[in-house]
Structures are given as structure tokens and as C-alpha cells.
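Report on the following structure.
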Amino acid sequence: MNKYRQVLYKGHLSEMYVPYMDPSEDWYFITYLDCGEFGCGQSAVSLEPYTDCPADAVFFDGTFAGQDGTPTNISKAMCIFEKIAGDIMWRHTEAEVPGLEVRPDVSLVARMVTTVGNYDYIVDYEFKPSGAIKMEVGLTGVLEVKPVEYVHTSEIKEDDIHGTIVADNTVGVNHDHFVTYRLDLDIDGTENSFVRTELVTKRTPKSVKTPRKSYWTTNRKTVKTEAEARVKLGLRAEELMVVNPIKTPTASLSRAVFCKKRKEKKGSFFSQETMAKKRDRIINTQPFITDDASVASSRKRSKVPKTHQQQEKLIEAGISSKIMKVALAQQKEIADEENAERNPSGAVFAAAAAKTAEEEQRILEEEDEKDDDIDAFDGNFEEDDSYHQEEINEDDEKLFESFFVKDAPRQRTLADIIIKKIKDNDADLAEEERPDPELDPKVTKLYKGVAKIMSEYTIGKMPKAFVLITKMERWEDVLYLTEPEKWSPNAMYQATRIFAHHLKNSQIQRFYSYVLLPRVREDIRKNKRLHFALYQALKKSLYKPSAFNKGILFPLCKSGTCSLREAVIIGSILEKCSIPMLHSCVALLNLAEMEYCGTTSYFIKTLLEKKYCMPYRVLDALVAHFMRFVDEIRVMPVIWHQSLLTFVQRYKYELLKEDKEHFQTLLKRQRHHLVTPEILRELQVTTINNPIKEDRFDIPEVPMEED
């Protein structure tokens, strides 16, 4: 039975607030109060038939109070028309009953347009046969723009991004449009209540015998005061309802209700162990873009995907000074490990890992949450590939070999160190023998058995005896008994996970340098690619970035024999994984000051691509690194030119006038037909910075706890 029902007594747009997001002196105060200051009615404009409204629309004139109170008439200020979008309001097909019932969703729209400044607001009220009222505000016009010195997005400094470049030297400033409505609802009369409703998950009581573990229901709360009715939309999913509680319930409508629903993608309200939740896996992570790989059945893929390196914000001078204090305070630690006289500035930074010790621990704790048992391994990785392979140009590889150190010593392994130590104490041993360290015979026998297991390991739990190595004082001697050079790739991956979790930085650094790195280089040399388990082991090793730098990256570059293939494979780890900013600065400073080996440029370029804000000491070291080749007669590889281009692109605003002049001199002697013009273009479009007012290294030492 058709019945007319009351829903809304009065409703109108009461305010529109437009704040602009530029904090500069000329813009910070611009916050248009469109309807309050200008008047939505006074700013209304006449509508054009056939364009602003459909051909069958009915137009009405509008009369508004002017600024002085006199009536102002605007012709065709509003139009009313029927809107047929082709949607279905209600339908049903009954198998037992012939025919079907379909009702189209035809709505009545009242429209007006008001022009405030540079924007035209299209205000629609859409009334549906179901009683629903939909309010929409469309926006068109032109942007509020600001003149700037930039012509390209890459030229904008990160702390000066307040809009989008819409034309040369023109920026459209970021801003918001907040629209407020005032609604006076009369749902079947004036006796209405305001109800807040939210969906919640309930566990099935144990007294109910059912396989269903959970179900969802609603929590309803009738608010009685204005304070209780205040809601911040957007914090959580809920429904705001105005109801008439005294309306007599009927079979077709339990209560008269006006409901404001937030439209957003929600997951299932079942608990995780419910069968329906397990079957419909795609609703667990709610992907915005899905492909075959994201929905494939795999226990490993049920994890939340790891995020790649994100661009960091520029740091202030005060924060940079604190970073430098930490780096300077740890100079003693690096001086004990390396020759400070040979590489004095490397000693300044290399021990800076303590600054981010808490961050490293947090990463490891997150790994623990993902891996319930660090000793268990099912043989599956997050990717399907079995090997990590890179295509290398033979001509480039030969060019890199020209920068190798002649007669470079062989990469030392843990076995070399232990055997040398034993033979120094016992000169009677034959050269070909593999002696055992002086340990308890039972321990020696036990770990020689572990060596056999590690050489054949594929999946499953690691031997408990192997995990105990991390707690031993002579852990290197015991590890030597397991013959790391014969471990399977999966065993090496597991060992890296365990040691990175349990050992200190100084200990895990030795494992990386004498066990993991030689094995990785040998596998690349033999197979021209890297086994995927070893590739994953390298990724795990980066969770201790300080140890990774001193145990893998620096020894690899200092060896003087790092091939292009090795640089590309290991460099891809740096590219894909997140590295703390301070550790990246340490790595760049050391790479810039060590002896050049061709592939060093590849690692420098990879770290520069992370776009960190670096101290001037590092920038100066990089400038000196490139200027070292001003008199080089050999042909520099393309990657060297690319690393210089990346440096200029990322840090051109931090370079001094003298630095740019030196680079122009360098580019006259070291040229590449494609890259050099780009470098010169970047140098020419930049502005000259003011002189540095402070020396960020002129900071007193502060005491720090040792690792």
C-alpha cells in the first residue's frame, strides 16, 4: 500500500570552509568561509538550460536578501528534474511464482550553482522514492595559483612542496573544501531519537554446540545529550541514525529510521579461526590491486607484504647535529677495528650503528612475530624463483676488470683464519691437513656430525646444537667444525637468520665477512648467478646494517676484485631493502674515500637513489671522490657517469658554487655522449646556496655506551 511518510522538515548547506596549505606569510591566513562571508544565496548564478540542467528541467527564480537587506532576484536560480540513472531500487524473482517485480530507481533532483571566488559549487539534493535523501556538492572552476621560481617538479625542495605545478613558474596551492549541512529531521513526526550503531564481532558461547566460532551483531546506543552525539567521522566504521522509537512496528518496517552510512571497504567480522574466514582469504588483507600472485595459495604469502624503501623527509640542522654527535662519539670503536691513520674520516662514521640499535631491534622483533620458530623452515621463500640472475653486458664487464687491483689477495674465509691460528701454534702440521681446534673431543665429534647435517639440509628444524653455537665463547672455533664452506644454500640462509638474531654486531660482522660473503662470491663465480636461498640470506643480513657494511659491503669493495655481476646482485639488496639514514651516510663516506674499483660507483649510485638528507661532510667526500678522476686517462665506465648524474640530481641545491665549477672542469675531461649533457643541464638550472654558517662537525664529544 502506497503511503506518504515525512522524513526531512528542513535542510540546507550552512557553511563551507576552504583552508589553504601554504604556511608562507602571504598565504597562511587564506581560509575562505564561503557561505558565512559571501553568502551562498547572494553568490548564486543563473542556470543555463540544456547545459546546467537537462532539457526537461523546470526552472525557478530565486529571491535573496542583498548586502543592504533589499530583495535581490536571480532568474533561473534553481532547477528541478527527474534523474533516471538506470539503477534498480528493488526487485525480486520467486521460483514458485510466475513473473517478477522490478522498481526502477527514479529520483527527483533540486540543483543550484553558486560561484564563490574562483570556484563554482554545484549543490544537488536528490530525493528518492524510498525516502532516502542524497546531498552532493560538485566543484569546478579554476585553481588558486601562486607564482614560483620552479618550472619542473624535481626542482622543488621537499620542505617547499605546497602544491602542484600547473604551468611554468605556476603552482596550484593545496587546499581542502569542508562542507557543513544543517538537517532538521522529522522521521514520521517530531518524536525522534539519535542512535549510534556499530558492528561488533561476538564469540559463540561455549554452551551453544555449533562449529561456528563467531558471529557479528550490532551495538546500539541512544544518545541523550549534545556532547554524546558529537561524532568525528572517519575514525571508525559506524552508522548514525535518527529513529522514531514510538512508531508501531510492522512486518515491512520495524522502525522508521533515517540512517547516515559511511561508505568504505570493510573486512569480514568473523574471527580468524572461523572456517568462512579461512576460505575467503582475499578479504583478510583487502588488496586494492590483485593479481594471480597475490591470491595464490601459499602459507608464506599470507603475510603482510614488506614495504620497499620510502623517501624520507629532509632533516633540520638541529637533528643533523645530533646525528653527527653520535657519529663523533663512537670514533673510538672504529679506531680499534681499523687503522685510523690510513682512513681517518672513515673512523668518524663507521661506528654509528649504535644510534639506530633500537630500530634494528624493532626490525628483528617484527621478524620474530612473522616467524614463530626461528629454527623451523619449510623450504619455501616469499618468491617463486629458485635463483637470482642478472643480465650482464660482456663489454661492461671487461671495462670494469681494467679497474681491478692487480695481484689482489684471495678472499679470506673462516677456515683460513682458524687453520692459520692452529698452525701458528703447531708448526709440524702438514700444509694439506685440515686441523681441528683444541676442544673437548665430545664437542668435536658432535659438531662434525652437525657438519654432515648442514651439508644436506633442505627443510625442517635446525639442529639444536647449531643454535647453541651463538652462546659459546669460542663460537668461531665450533663453527669451523661444521665446515661452512660445504653447507647447502638453505642451511646458509638458516644460519644467517639465527646468527643475525642472536649475535652482537662485532660477532655477526665476522660471520658475514668470513662465511657468508665468500660463499656468495663463489656461487656467483661458478654459476654466473646467485642461488635464491643465498640471496635471501643476504637480505636477512641487512637487518644488522652496521655489520652488513663492515662485513660485506666494505670488504667486497676493498678486495679490488668485485665484478660487475656481484655488484648488480648485491646492489639489488641495497635497492630493495630499507636502510637507516645514518648507516647509508657511513657507507657512502667509506665508499667515497676507499680505493676505486669500478663497481664502487654502482653501490654509490644505489645509496644516492635513496634520497637521504646527508651531512655536509659526506657531500664533501663525494665531491672529492668524483674530482679524483679529473686527471684519469682511462675510460670511465658508464656507471661512474650515472652515479655522478644521480649525485647532482639529488643534491644540486646543497652544492656550493666552487663545487659546480670543479664539476664543469671535470666534465670537460671525462665525458659521455649521453650522460654528460644531462649533468651540465642539472648544474645550470640550480640556484647557488648561501654559504654554510656552521660547521656541523664542530661538536663536543659525548659519552656513549659501548656495544
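Numbering (numbering that gives the first Met the number 0), first residue to last: 0 to 706.
Each residue gets a CB set at the ideal place from its N, CA and C atoms; glycine is no exception.
Exposure label - residue i; buried when at least 16 CB within 10 Å
i           : result
residue 509 : buried
residue 188 : exposed
residue 627 : exposed
residue 12  : buried
residue 471 : exposed
residue 617 : buried
residue 340 : Low local confidence applies: a pLDDT of 45 at residue 340 is under 50, so the model's placement there is unreliable, and no value is given.
residue 446 : buried
residue 9   : exposed
residue 504 : buried
residue 387 : For residue 387, the predicted structure reports a pLDDT of 47, less than 50, and the residue's modelled location is therefore unreliable. A value from the coordinates is still provided. Buried: at least 16 other Cβ atoms inside 10 Å.
residue 634 : exposed
residue 210 : exposed
residue 708 : Nothing can be reported for residue 708: it is not among the residues displayed for the chain, which extend from 0 to 706.
residue 558 : buried
residue 138 : exposed
residue 667 : exposed
residue 86  : exposed
Closest residue to residue i among the options (Cα-Cα distance)
i           : options               : result
residue 163 : 145, 179 and 180      : 145
residue 178 : 165, 120 and 500      : 120
residue 84  : 148, 626 and 106      : 106
residue 506 : 522, 546 and 491      : 546
residue 166 : 603, 184, 461 and 143 : 143
residue 479 : 487, 467 and 514      : 514
residue 27  : 517, 173 and 483      : 173
residue 660 : 678, 674 and 198      : 678
residue 591 : 476, 562 and 624      : 624
residue 473 : 442, 455 and 487      : 442
residue 563 : 613, 524 and 155      : 524
residue 516 : 186, 484 and 526      : 484
residue 575 : 605, 128, 73 and 560  : 605
residue 675 : 642, 654 and 653      : 642
residue 611 : 594, 25, 66 and 645   : 645
residue 453 : 528, 486, 500 and 460 : 486
residue 134 : 98, 181 and 90        : 181
residue 500 : 469, 176 and 528      : 469
residue 549 : 511, 168 and 175      : 511
residue 458 : 25, 82, 631 and 532   : 532
residue 15  : 176, 54, 113 and 118  : 176
residue 30  : 55, 116, 90 and 100   : 116
residue 113 : 150, 89, 593 and 41   : 41
residue 225 : 215, 192, 217 and 65  : 192
residue 67  : 45, 38, 55 and 86     : 38
residue 528 : 567, 538, 65 and 86   : 567
Rounded Cβ spacing between residue i and residue j (contact assumed at less than 8 angstroms)
i           : j           : result
residue 122 : residue 111 : 5 angstroms
residue 658 : residue 622 : 5 angstroms
residue 565 : residue 555 : 7 angstroms
residue 651 : residue 682 : 7 angstroms
residue 649 : residue 607 : 6 angstroms
residue 194 : residue 219 : 6 angstroms
residue 476 : residue 440 : Not confirmed; about 14 angstroms, so no contact.
Cβ-Cβ distance between residue i and residue j below 9 angstroms
i           : j           : result
residue 540 : residue 599 : no
residue 569 : residue 609 : no
residue 637 : residue 669 : no
residue 481 : residue 465 : yes
residue 602 : residue 620 : no
residue 536 : residue 492 : yes
residue 94  : residue 43  : no
residue 130 : residue 4   : yes
residue 126 : residue 108 : yes
residue 462 : residue 530 : no
residue 102 : residue 70  : no
residue 584 : residue 561 : no
residue 63  : residue 73  : yes
residue 593 : residue 553 : yes
Proximity test, residue i beta-carbon vs the ligand ZN heavy atom, cut-off 8 angstroms
i           : result
residue 119 : Among the components of this structure there are no ligands whatsoever, and the ligand ZN is therefore not found.
| message | I want to know whether the region 15-29 touches the region 40-50 - three or more CB-CB distances under 8 angstroms. | response | Flag = no, the region 15-29 and the region 40-50 do not touch.
| message | Closer than 8 angstroms is the cut-off here; do at least three beta carbon pairs connect the region 59-70 with the region 202-213? | response | In short, these stretches do not touch, since the Cβ pair count stays below three.
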